[in-house]
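FYI, in this note's numbering the residues of the sequence shown are 1 to 688.
The block underneath contains the structure these notes are about, expressed in structure tokens.
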Amino acid sequence: MLRLAWWTVSTLIVFGLLIIAHAPARATDAEIDRLLRSPVGKDWVTNGGNLTNNRYSTLKQIDTANVGKLKGAWMTRLKGSGVGGKYSFEASPLVKDGIMYVVTGNDDVFALNAKTGEIIWEYWSGIDQTISTVCCGWVNRGLAMGEGQIYLGQLDANVVALDMKTGKVAWKTPIEKWQNGYGITSAPLYYDGVIYSGITGGEFGVRGRLTALNAKTGEIMWRWFTLPSPGEKGSETWPPGTDHSMRGGAAIWNTPALDPELGLVYFAVGNCGPDYDGSMRDGDNLFCTSIVALRAKTGEYAWHFQQVHHDLWDYDAASPVVLFDTVINGEPRKGIAEAGRTGWVYILDRTNGKPLVGIEEKPVPQDPRQKTAATQPIPVGDAVVPQCAEKIPGYDQAGCIYTPFWESPVLIQPSGIGGTNWPPMPYSPDTGYFYVPGTVRTSAFTRYASKYVNGLRYTGGGQAAPIGSTMTGTFTAIDAKTNKIAWQHKTPYRIGGGGGSTATAGGLVLRGEPDGNFLALDAKTGQELFRFQTGFGADAPPVVYEVDGEEFVAIATGGNQSQGSSYGDAVWTFSLKGQLGPLWPPPPPQTVAGPTGPITVGVDAIKIGANNTEYTFAPARTRIKSGTTVSFSNVGDIPHDASALQKDGWSTGALAKGETKTVTFDKPGIYYYICTPHPWMYGQIIVE
Ligand SMILES: [Cu+2]
Numbered sequence: 001m002l003r004l005a006w007w008t009v010s011t012l013i014v015f016g017l018l019i020i021a022h023a024p025a026r027a028t029d030a031e032i033d034r035l036l037r038s039p040v041g042k043d044w045v046t047n048g049g050n051l052t053n054n055r056y057s058t059l060k061q062i063d064t065a066n067v068g069k070l071k072g073a074w075m076t077r078l079k080g081s082g083v084g085g086k087y088s089f090e091a092s093p094l095v096k097d098g099i100m101y102v103v104t105g106n107d108d109v110f111a112l113n114a115k116t117g118e119i120i121w122e123y124w125s126g127i128d129q130t131i132s133t134v135c136c137g138w139v140n141r142g143l144a145m146g147e148g149q150i151y152l153g154q155l156d157a158n159v160v161a162l163d164m165k166t167g168k169v170a171w172k173t174p175i176e177k178w179q180n181g182y183g184i185t186s187a188p189l190y191y192d193g194v195i196y197s198g199i200t201g202g203e204f205g206v207r208g209r210l211t212a213l214n215a216k217t218g219e220i221m222w223r224w225f226t227l228p229s230p231g232e233k234g235s236e237t238w239p240p241g242t243d244h245s246m247r248g249g250a251a252i253w254n255t256p257a258l259d260p261e262l263g264l265v266y267f268a269v270g271n272c273g274p275d276y277d278g279s280m281r282d283g284d285n286l287f288c289t290s291i292v293a294l295r296a297k298t299g300e301y302a303w304h305f306q307q308v309h310h311d312l313w314d315y316d317a318a319s320p321v322v323l324f325d326t327v328i329n330g331e332p333r334k335g336i337a338e339a340g341r342t343g344w345v346y347i348l349d350r351t352n353g354k355p356l357v358g359i360e361e362k363p364v365p366q367d368p369r370q371k372t373a374a375t376q377p378i379p380v381g382d383a384v385v386p387q388c389a390e391k392i393p394g395y396d397q398a399g400c401i402y403t404p405f406w407e408s409p410v411l412i413q414p415s416g417i418g419g420t421n422w423p424p425m426p427y428s429p430d431t432g433y434f435y436v437p438g439t440v441r442t443s444a445f446t447r448y449a450s451k452y453v454n455g456l457r458y459t460g461g462g463q464a465a466p467i468g469s470t471m472t473g474t475f476t477a478i479d480a481k482t483n484k485i486a487w488q489h490k491t492p493y494r495i496g497g498g499g500g501s502t503a504t505a506g507g508l509v510l511r512g513e514p515d516g517n518f519l520a521l522d523a524k525t526g527q528e529l530f531r532f533q534t535g536f537g538a539d540a541p542p543v544v545y546e547v548d549g550e551e552f553v554a555i556a557t558g559g560n561q562s563q564g565s566s567y568g569d570a571v572w573t574f575s576l577k578g579q580l581g582p583l584w585p586p587p588p589p590q591t592v593a594g595p596t597g598p599i600t601v602g603v604d605a606i607k608i609g610a611n612n613t614e615y616t617f618a619p620a621r622t623r624i625k626s627g628t629t630v631s632f633s634n635v636g637d638i639p640h641d642a643s644a645l646q647k648d649g650w651s652t653g654a655l656a657k658g659e660t661k662t663v664t665f666d667k668p669g670i671y672y673y674i675c676t677p678h679p680w681m682y683g684q685i686i687v688e
């Protein structure tokens with residue numbers, strides 16, 4: 001007895017010492033970790049629903065039979081946060097124990113009573129409104145939670161932790177400086193005491209990375225660069241003796257997924273920089289446009305799969321990766337999938353990164369000037385959008401996906417913004433389908449030489465939808481076992497740049513439209529079962545939760561800069577007990593290409609080729625009083641003009657570098673103009 005007791009005590013002491021010696025310096029949140037590992041139920045605790053990012057809720061009070069009776073439960077305006085043409089509202093609200101947390105395009109966070117919509121606390125980010133390195137709209141794609149804190153990444157490249165009860169800042173860690181081209185738009189992932197955050201800046205010559213932070217303290221634990229240093233794995237895919245990879249972009253636009261059993265964290269990596277100029281970066285250029293798996297604890301490389309070798313087309317992998325389990329040929333398999341801007345879904349085995357359904361390397365058209373890759377990986381199955389451009393008058397050359405281009409414009413489809421851009425793709429284990437939002441749009445691509453300047457755009461070319469060309473979308477159910485289309489809707493608007501959807505055990509797929517409609521579809525057949533006008537661009541992915549036994553569906557409606565949808569600051573929720581009816585429809589987004597973005601008021605000086613972006617007018621849209629004289633200054637490197645779109649209209653004539661000319665607008669009207677040698681550049685002047 002005595003001896004046994006001695007042994008036991010010693011053992012406990014030894015183990016105790018071991019535990020103390022190896023105790024992680026960080027705490028963990030057992031409850032949140034359990035919810036993150038489980039199918040999504042009453043709470044929605046991370047951006048993608050749980051660690052898989054599959055956005056599938058097991059709630060089924062609202063189902064295919066009763067969804068038609070849905071009404072608004074509450075709608076709350078977020079005090080004007082993120083309202084305006086420069087913003088997008090794309091976040092998934094998080095919900096825990098009856099409290100909702102939502103972040104706007106200005107990185108402001110609100111806690112709301114999830115049953116009533118009453119605002120509980122507010123965090124105003126106070127971010128610098130002069131940030132000049134925002135790529136594609138002021139946006140925040142969502143939050144993470146754990147250890148009594150709410151986590152967000154900001155456009156100024158800080159990761160911030162807020163106290164969940166009060167909204168007070170607990171810690172704030174700069175990942176980089178926005179002045180160097182960096183920012184954060186993705187929702188972070190919390191798991192096991194660690195915050196994982198991506199970084200943006202693919203258009204500003206940054207060096208992409210995934211950063212792991214101690215959730216308790218904000219201390220950076222490790223970072224994994226998406227671009228290898230000389231000698232590191234992947235450096236052989238960049239030209240030797242150069243430092244091109246050090247400004248090669250490869251941003252991370254979206255939330256990672258994590259498999260706790262395999263101990264791997266997964267994420268998608270964006271395009272290479274300079275986007276459209278491959279002439280100096282011979283090689284496949286890893287880890288641009290890839291899915292990457294790292295050891296979740298250490299950040300050590302596990303595997304990668306490159307979707308586009310030596311990318312020239314801005315074909316980011318930008319939508320979040322989705323983990324799913326399936327059975328193929330009678331064998332249980334662990335899958336991972338990502339919807340690319342190429343229009344394909346890439347389906348892999350998440351244990352090793354090898355294709356699960358089939359992806360074949362096939363020869364593609366070549367241009368030695370662009371150092372094109374000899375082959376590209378082509379998934380077996382169906383693309384969700386057309387992959388060839390149709391001829392458009394005024395353009396000599398039209399091609400398909402992977403057609404190279406040089407200095408004269410080539411029409412290519414998909415354009416560099418999709419297929420599928422940022423919006424998430426859910427997976428329903430009931431149907432075995434992925435639900436993929438797509439944009440159908442043609443771009444004219446051109447390459448030009450681009451000099452790297454810290455903090456300025458570094459794109460090496462441009463792409464623009466020719467003025468007057470049509471822009472639509474698709475919403476597609478893809479069978480995960482075959483990568484083939486189960487059903488597909490043609491949508492009147494581009495939906496591959498915003499939106500995204502969520503699936504439920506009630507047999508539903510829920511999604512918003514940029515014209516303000518919120519829809520519920522039958523997940524199996526695609527049949528539309530419910531439609532409700534929210535009054536604002538409905539471009540965020542919905543979430544599903546339960547409070548006091550009542551199921552709610554919530555969607556942030558605040559428009560989307562890149563979709564051109566109507567802006568706002570609202571969160572809508574729906575339930576079967578709801579009482580609220582629809583609002584008036586907002587102005588619908590454009591379905592024909594033309595100048596987009598905010599309309600500036602009273603600006604009479606327009607710069608051509610500003611901010612190191614050769615083929616642009618800035619501001620692209622301005623509203624002036626009749627009789628105003630507008631100056632056009634060429635601050636770019638090559639000659640441009642500004643000429644009325646209508647033949648024989650007004651023109652500045654050719655402007656050499658540094659030259660300015662003026663045009664006076666005497667008659668009220670809406671004037672579109674282009675640059676004659678570069679007709680994919682356009683602007684709009686509204687004369688009142
Ligand atoms: Cu021009």
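Don't be surprised by glycine CBs; every beta carbon is placed ideally from N, CA and C.
Since this is a predicted model, take the numbers as computed values, not measurements.
Query	Result
So the beta strand (DSSP E) residue 510 belongs to, where does it begin and stop?	508-512
What distance in whole Å lies between the Cβ atoms of residue 506 and residue 59, which are believed to be in contact at a cut-off of 8 Å?	7 Å
Compute the beta-carbon to beta-carbon distance between residue 667 and residue 634, rounded to the nearest angstrom, for a pair I have assumed lies under 8 Å.	So it is not a contact: roughly 26 Å between Cβ atoms.
CB of residue 678 to nearest heavy atom of ligand 1: below 6 Å?	yes
Smallest Cα separation from residue 459: which of 118, 52, 32 and 445?	445
Should residue 135 be listed as close to ligand 1, given that the test is whether its C-beta is under 6 Å from any heavy atom?	no
At what residues does the alpha helix (DSSP H) containing residue 33 begin and finish?	30-37
Does residue 188 get closer than 7 Å to chain B when you measure Cβ to Cβ?	The question asks about chain B, but that chain is absent: this structure has only one protein chain.
With distances taken Cα to Cα, identify the nearest neighbour of residue 352 among 295, 403 and 377.	295
Go ahead and label residue 259 buried or exposed: buried means 16 or more other beta carbons lie within 10 angstroms of its beta carbon, across all protein chains shown.	buried
Quick one: what does DSSP say residue 22 is sitting in, helix, strand or coil?	Only weak support exists for where residue 22 lies, its pLDDT of 44 falling under 50; the coordinates are left without a value.
Return yes when the Cβ of residue 504 is within less than 7 Å of the Cβ of residue 544, no when it is not.	yes
When the distance is taken between beta carbons, is residue 325 closer than 7 Å to residue 341?	no
If you follow the beta strand (DSSP E) that residue 495 is in, where does it begin and where does it stop?	Note, residue 495: premise wrong, no beta strand (DSSP E); not H, not E.
Ordered along the chain, which non-local residues of its own chain (more than five positions away) have a Cβ less than 6 Å from that of residue 613?	457
Output the distance between the C-alpha atoms of residue 73 and residue 512, rounded to the nearest integer angstrom.	17 Å
What separation, rounded to the nearest whole angstrom, lies between the Cα atoms of residue 375 and residue 582?	50 Å
Thinking C-alpha only, which one of 549, 247 and 356 is nearest residue 43?	549
Have a look at residue 310 and residue 592 and give me their C-alpha separation to the nearest angstrom.	31 Å
Only counting runs of 3 or more residues, tell me where the beta strand (DSSP E) segments fall wholly within the segment 583-641, in order along the chain.	605-608, 621-624 and 628-634
For residue 675, verify whether its CB is less than 6 Å away from any heavy atom of ligand 1.	yes
Using 8 Å as the cut-off, can you tell me whether the segment 423-432 makes contact with the segment 476-496, which would need three or more C-beta pairs spanning the two stretches below that distance?	yes
Around the Cβ of residue 251, are there at least 16 other Cβ atoms within 10 angstroms (buried) or fewer (exposed)?	buried
Out of 100, 439, 277 and 641, which has the shortest C-alpha to C-alpha gap to residue 120?	100
Sort 346, 113 and 350 by Cα distance to residue 332 and report the nearest one.	350
Whose C-beta lies closer than 6 Å to the C-beta of residue 384 among residues of the same chain, with five residues either side of it excluded?	343, 436, 438, 474 and 476
Among the candidates 153, 173 and 149, whose CA atom is the shortest distance from the CA of residue 163?	149
For the candidate residues 415, 345, 540 and 625, whose alpha-carbon lies nearest to that of residue 484?	345
Taking 6 Å as the line, does the beta carbon of residue 310 fall inside it for any heavy atom of ligand 1?	no
On the criterion of 16 or more Cβ atoms from any shown chain inside 10 Å, does residue 327 qualify as buried, or is it exposed?	exposed
Per DSSP, what kind of secondary structure is residue 158 in: helix, strand or coil?	strand
Bridge partners for residue 379 per DSSP, in chain order?	359
Relative to the alpha-carbon of residue 451, which residue among 636, 124 and 55 has its alpha-carbon at the smallest distance?	636
Look at the alpha carbon of residue 23 and the alpha carbon of residue 29, and state the distance between them as a whole number of angstroms.	In this predicted model, residue 23 has a pLDDT of only 44, less than 50, meaning its place in the structure is not dependable enough to derive any value.
Tell me whether residue 640 counts as near ligand 1, meaning its Cβ is closer than 6 Å to at least one heavy atom of that ligand.	yes
Which word fits residue 293, buried or exposed, when buried means at least 16 other C-beta atoms lie within 10 angstroms of its C-beta?	buried
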